[in-house]
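Let me begin by presenting the structure, written as structure tokens, before commenting on it.
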Amino acid sequence: SYGAGSHQMDVAYHNDWFVWDSWSCRTDCEPQSAYFQSEFSLDSDLNGNEKTIWEVGALICIFLLIIAVIVGWLLKQKKRRMKESVDNGHCISGDIETWILPKKFTYQELASATDNFSSDRILGRGGTGCVYKGDSSCLIAIKRISLGCKHAKEVFTTELKIMSRLKCGNLVSLIGWSDDQGQFLLVYDYMHNGSLDTHLFGSKTHLPWNMRSNVALGLASALLYLHEESEQCVLHRDIKSGNVMLDLNFNAKLGDFGIAMFKDPQLGHQTTKVVGTFGYIAPEYYYEGRAGKESDIYSFGVVALEIASGRRKHKDEESHKGLVQWVWELYGAGRILDAVDERLDMDFNVSEMECLLTVGLWCAHPIDKRRPSARQAIEVLKFEAPLPELPNEMPNLKYTTTTSLADSSRPSITSSLDIGR
1 SYGAGSHQMD VAYHNDWFVW DSWSCRTDCE PQSAYFQSEF SLDSDLNGNE
51 KTIWEVGALI CIFLLIIAVI VGWLLKQKKR RMKESVDNGH CISGDIETWI
101 LPKKFTYQEL ASATDNFSSD RILGRGGTGC VYKGDSSCLI AIKRISLGCK
151 HAKEVFTTEL KIMSRLKCGN LVSLIGWSDD QGQFLLVYDY MHNGSLDTHL
201 FGSKTHLPWN MRSNVALGLA SALLYLHEES EQCVLHRDIK SGNVMLDLNF
251 NAKLGDFGIA MFKDPQLGHQ TTKVVGTFGY IAPEYYYEGR AGKESDIYSF
301 GVVALEIASG RRKHKDEESH KGLVQWVWEL YGAGRILDAV DERLDMDFNV
351 SEMECLLTVG LWCAHPIDKR RPSARQAIEV LKFEAPLPEL PNEMPNLKYT
401 TTTSLADSSR PSITSSLDIG R
């Protein structure tokens with residue numbers, strides 16, 4: 001500061017702020033008061049800026065919240081419209097738009113390929129619809145889910161979802177689909193030699209031993225893929241000779257995944273409603289609803305015995321005791337080769353035949369824990385492991401579960417579609 005009567009300037013440093021003030025020469029000036037007045041004014045400006053920042057931040061948060069609510073509402077409305085579309089039988093494209101799918105056909109394309117789904121084009125019938133032979137750029141088999149089927153949408157979406165994720169040489173290849181005009185259609189490779197059962201039990205020429213052996217090994221390979229090698233374990237739940245298709249070279253291709261399901265990796269068995277075909281259903285599945293890899297293996301065992309013997313499974317409700325028990329009795333008596341299909345006229349490899357029959361019994365063991373895995377069965381069929389030792393008498397299990405489970409499930413136990421018969 002300079003003395004009175006001269007121009008005064010006060011320079012102050014306060015709390016790391018540089019404050020400058022000047023005033024004209026007056027004898028009653030009080031520099032300290034001027035300093036505090038200036039500092040108060042600056043602090044007020046700073047507090048106002050902080051308040052403004054908080055207000056802007058709050059407005060931004062409110063704006064984002066409103067946007068989130070609007071987006072959530074729009075997504076909910078979209079989902080509701082998709083559900084209404086499905087319930088009305090129009091289409092299900094919205095439900096499957098995130099899947100990696102094969103080609104989508106129009107209804108008109110598939111109708112033209114089958115002469116408007118002419119009855120002359122029918123290859124096979126089943127509980128959920130028909131399979132038609134189609135002429136497109138190549139021969140195809142078109143599975144048309146009947147709209148009269150109670151679970152048409154579920155059957156369609158299940159098979160489409162599962163088959164679009166599976167790639168195996170021993171599975172029927174899904175090449176396309178359509179849900180146009182409320183019709184549920186699945187397009188598969190055409191199987192020139194139809195289903196296995198038509199060769200074992202039908203009017204078609206019976207298969208020689210080398211083809212039968214190859215079919216059994218191919219079916220076992222399909223199970224190995226489904227149970228252990230696919231991205232997620234798949235339970236087929238309807239393995240039977242009618243669902244084993246034969247291509248141009250008589251290679252086995254497992255088809256009809258309409259009642260298949262992905263297996264929860266955290267569960268050994270999954271209790272489900274019983275579905276499938278009489279004669280191929282494992283006891284623990286039929287009586288207790290326990291579906292697992294073992295129940296698929298049981299079904300494979302029955303098919304293996306059919307391949308070797310050329311005999312049908314019984315059609316009554318106790319069919320799981322039919323063919324299996326007959327072959328087991330021959331095994332216990334040391335006469336297992338008496339089960340061989342007479343049409344083979346003894347033209348087969350004895351060791352391979354005995355192996356197939358024994359593996360069939362092993363897989364169809366009444367006790368699920370005594371059955372092999374698909375991998376173990378293949379090792380024995382390839383003579384990479386010794387034959388299993390089975391009891392001379394088939395174990396007889398008594399289930400304490402009330403019959404209500406089986407009774408309540410019986411409407412779902414039907415014969416399913418045979419693709420490309």
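Using the UniProt record's numbering, the first residue of the sequence shown is number 1, and each one after it goes up by one.
Backbone N, C-alpha and C fix where the C-beta goes; we use that ideal spot for every residue, glycine too.
Going by DSSP in three states, residue i sits in which element: helix, strand or coil?
| i | result |
| --- | --- |
| residue 213 | helix |
| residue 165 | coil |
| residue 91 | Here residue 91 scores only 49 on pLDDT, less than 50, and its place in the model is too uncertain to base an answer on. |
| residue 340 | coil |
| residue 355 | helix |
| residue 370 | helix |
| residue 104 | strand |
| residue 125 | strand |
| residue 390 | coil |
| residue 252 | strand |
| residue 276 | strand |
| residue 207 | coil |
| residue 246 | strand |
| residue 176 | strand |
| residue 226 | helix |
| residue 397 | coil |
| residue 487 | Outside the shown range of the chain (1 to 421) lies residue 487, about which nothing can therefore be said. |
| residue 149 | coil |
| residue 347 | coil |
| residue 156 | helix |
| residue 281 | coil |
| residue 51 | helix |
| residue 72 | helix |
| residue 118 | coil |
| residue 64 | helix |
Can you give the Cα-Cα distance for residue i and residue j, rounded to whole angstroms?
| i | j | result |
| --- | --- | --- |
| residue 371 | residue 341 | 25 Å |
| residue 393 | residue 281 | 21 Å |
| residue 263 | residue 61 | 44 Å |
| residue 204 | residue 195 | 10 Å |
| residue 105 | residue 191 | 20 Å |
| residue 366 | residue 383 | 24 Å |
| residue 320 | residue 159 | Any reading at residue 320 is ruled out, since the residue's pLDDT is 45, under 50, leaving its predicted position unreliable. |
| residue 215 | residue 252 | 5 Å |
| residue 329 | residue 323 | 10 Å |
| residue 88 | residue 293 | Reliability of the predicted coordinates at residue 88 is poor, the pLDDT of 42 falling under 50, and the value obtained from them is presented with this limitation in mind. Approximately 36 Å between the Cα atoms of the pair. |
| residue 116 | residue 276 | 30 Å |
| residue 139 | residue 189 | 7 Å |
| residue 143 | residue 123 | 10 Å |
| residue 202 | residue 241 | 12 Å |
| residue 249 | residue 113 | 24 Å |
| residue 399 | residue 291 | 16 Å |
| residue 177 | residue 107 | 9 Å |
| residue 288 | residue 66 | 52 Å |
| residue 374 | residue 258 | 22 Å |
| residue 317 | residue 283 | Any answer about residue 317 is weak, because its pLDDT of 47 lies below 50 and its placement is not dependable; what the coordinates show is given next. In a straight line, the C-alpha of residue 317 is about 11 Å away from that of residue 283. |
| residue 233 | residue 273 | 19 Å |
| residue 174 | residue 379 | 29 Å |
| residue 57 | residue 77 | 30 Å |
| residue 345 | residue 181 | 53 Å |
| residue 85 | residue 152 | Confidence at residue 85 is low in this model, with a pLDDT of 44, below 50, so the placement of that residue should be treated as unreliable; the coordinate-derived value is given next. The straight-line gap from Cα to Cα measures roughly 14 Å. |
| residue 119 | residue 302 | 32 Å |
| residue 309 | residue 339 | 5 Å |
Measure the Cβ-Cβ separation of residue i and residue j and say whether it is below 8 Å.
| i | j | result |
| --- | --- | --- |
| residue 433 | residue 155 | Since the first and last residues shown for the chain are 1 and 421, residue 433 lies out of range. |
| residue 133 | residue 121 | yes |
| residue 101 | residue 164 | yes |
| residue 356 | residue 397 | no |
| residue 377 | residue 220 | yes |
| residue 368 | residue 209 | no |
| residue 206 | residue 343 | yes |
| residue 235 | residue 244 | no |
| residue 390 | residue 331 | yes |
| residue 200 | residue 307 | yes |
What does residue i pair with, by DSSP beta-bridge criteria?
| i | result |
| --- | --- |
| residue 144 | 130 and 185 |
| residue 302 | According to DSSP, residue 302 bridges with nothing at all. |
| residue 262 | 234 |
| residue 135 | 139 |
| residue 195 | 245 |
| residue 219 | Note: residue 219 sits in no beta bridge, so no partner. |
| residue 171 | 254 |
**Message:** Quick check: the segment 165 to 172 against the segment 225 to 244, are at least 3 beta-carbon pairs closer than 8 Å?
**Reply:** yes
**Item:** Touch test, the segment 328 to 348 against the segment 177 to 189, Cβ-Cβ under 8 Å, three pairs minimum
**Value:** no
**Asked** Is the segment 284 to 303 in contact with the segment 346 to 366, if contact means three or more CB pairs nearer than 8 Å?
**Response** yes
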